[in-house]
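Residue numbers (the working numbering): 87 to 342. Input: a single structure, listed below in structure tokens.
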Amino acid sequence: MSDLVVKNLHVSIEGKEILKGLNLTLPKGEVHAIMGPNGTGKSTLAYTLMGHPSYEVTKGEVYFKEKNILELEPNERSLLGIFLAFQYPVAIPGVTVANFIRSAVNSRRRAENPSDKGVPLLEFRRSVKEKMELLKMDPSFAGRYLNDGFSGGEKKRAEILQMAMLKPEIAVLDETDSGLDIDALKTVSEGVNTLRGPELGVLVITHYQRILNYIQPDVVHVMMDGRIVESGGKELALHLEERGYDWIREKVNGVA
Ligand code: ADP
Ligand code: MG
Numbered sequence: 087m088s089d090l091v092v093k094n095l096h097v098s099i100e101g102k103e104i105l106k107g108l109n110l111t112l113p114k115g116e117v118h119a120i121m122g123p124n125g126t127g128k129s130t131l132a133y134t135l136m137g138h139p140s141y142e143v144t145k146g147e148v149y150f151k152e153k154n155i156l157e158l159e160p161n162e163r164s165l166l167g168i169f170l171a172f173q174y175p176v177a178i179p180g181v182t183v184a185n186f187i188r189s190a191v192n193s194r195r196r197a198e199n200p201s202d203k204g205v206p207l208l209e210f211r212r213s214v215k216e217k218m219e220l221l222k223m224d225p226s227f228a229g230r231y232l233n234d235g236f237s238g239g240e241k242k243r244a245e246i247l248q249m250a251m252l253k254p255e256i257a258v259l260d261e262t263d264s265g266l267d268i269d270a271l272k273t274v275s276e277g278v279n280t281l282r283g284p285e286l287g288v289l290v291i292t293h294y295q296r297i298l299n300y301i302q303p304d305v306v307h308v309m310m311d312g313r314i315v316e317s318g319g320k321e322l323a324l325h326l327e328e329r330g331y332d333w334i335r336e337k338v339n340g341v342a
């Protein structure tokens with residue numbers, strides 16, 4: 087079974103509990119959105135799924151492909167097919183976009199077949215070029231240092247380029263819409279949409295409904311205070327846009 091199943095997840099940062107019993111199932115091939123106010127723990131969930139060492143899991147499990155992935159190192163999770171597009175991608179001066187992606191692609195190939203010699207250079211270049219065209223990225227980007235001096239939109243495109251090249255089975259997009267103007271948002275969303283399919287589950291984490299006009303989710307979850315408190319269809323996102331989060335907060339707290 088390659089659904090992603092999060093069970094009663096509790097996570098603390100520096101002794102403060104941020105995720106407080108989060109439950110979530112992302113079935114294979116579906117696109118789910120997680121919406122919630124700032125500071126509610128959305129990025130904490132994303133980092134925890136990827137295995138960031140600062141986030142301490144105090145309780146709960148996360149299953150993917152019959153494994154509790156919380157027991158795996160971040161690179162093992164990546165090789166298993168989990169991908170995170172960061173809210174704040176970090177710069178890696180000295181490492182070009184192309185080399186970064188190529189080494190990631192090659193380590194994936196070697197994990198599948200230890201005697202693999204790596205992706206042939208021409209094939210790799212052709213494939214990167216094709217994906218960059220799709221994302222309307224200038225070809226010169228491949229030779230630039232990763233995220234070094236990139237604008238917000240360029241960083242987000244670079245994240246989706248990595249996703250397109252790595253072909254994950256679960257992609258977590260943490261506020262990929264933030265800082266994007268409408269054209270960049272459309273381009274990035276189209277990039278994600280072309281990757282959609284029965285083999286890819288996507289978790290679109292967002293503060294705003296806007297990106298969900300372009301990446302249509304199967305299910306929308308509302309997160310508040312470290313838990314999923316409401317789930318529904320895509321109309322739930324519109325509802326939140328109109329009414330804000332207070333009505334959910336009141337509902338959760340049992341206030342009339
Ligand atoms: P969201 O992505 O929903 O805006 P976050 O997961 O980034 O929320 O943050 C949830 C809470 O955890 C916030 O109160 C934030 O201040 C705190 N937090 C996040 N990262 C750290 C960190 N590295 N150290 C201390 N507190 C943190
Ligand atoms: Mg965040």
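We put the CB at the ideal spot given by N, CA and C, even for glycine. This structure is a prediction, so every number in the text was calculated from the model and none was measured.
Item                                                                                                                                                              : Value
Do LEU289 and LEU158 come within 7 Å of each other at the CB atom, strictly closer than that value?                                                               : no
Here's a check: name, in chain order, each residue in its chain whose Cβ is nearer than 7 Å to the Cβ of ARG335, leaving out the five neighbours to either side.  : MET310
For the pair the segment 259-268 and the segment 207-214, tell me if three or more CB-CB distances fall below 8 Å.                                                : no
Would you mind sorting VAL176 into buried or exposed? The rule is 16 or more other CB atoms within 10 Å of its CB.                                                : exposed
Can you give the Cα-Cα distance for GLY330 and GLY318, rounded to whole angstroms?                                                                                : 16 Å
Measure the C-alpha to C-alpha separation of ALA190 and VAL214 and round it to an integer number of angstroms.                                                    : 13 Å
Can you tell me whether LYS128 sits near ligand 2, meaning its C-beta is under 6 Å from at least one heavy atom of the ligand?                                    : yes
Leaving out the 5 sequence neighbours to the left and right, which residues in its chain are closer than 8 Å to ILE178 when beta-carbon positions are compared?   : PHE186, TYR231, LEU232, ASN233 and ASP234
Let me confirm a value: SER229 is counted as buried when at least 16 other C-beta atoms fall within 10 Å, else exposed. Which label applies?                      : Checking the displayed sequence, the identity of residue 229 turns out to be Gly instead of Ser. Counting Cβ neighbours within 10 Å, GLY229 comes out exposed, since fewer than 16 surround it.
Can you find the residues in the same chain that come closer than 7 Å, C-beta to C-beta, to GLN225, ignoring five residues on each side of it along the sequence? : In the sequence under discussion, the amino acid at residue 225 is Pro, which differs from the Gln named in the question. Hits under 7 Å: LYS215 and MET218.
Mark GLY180 as exposed unless 16 or more other C-beta atoms lie within 10 angstroms of its C-beta, in which case mark it buried.                                  : exposed
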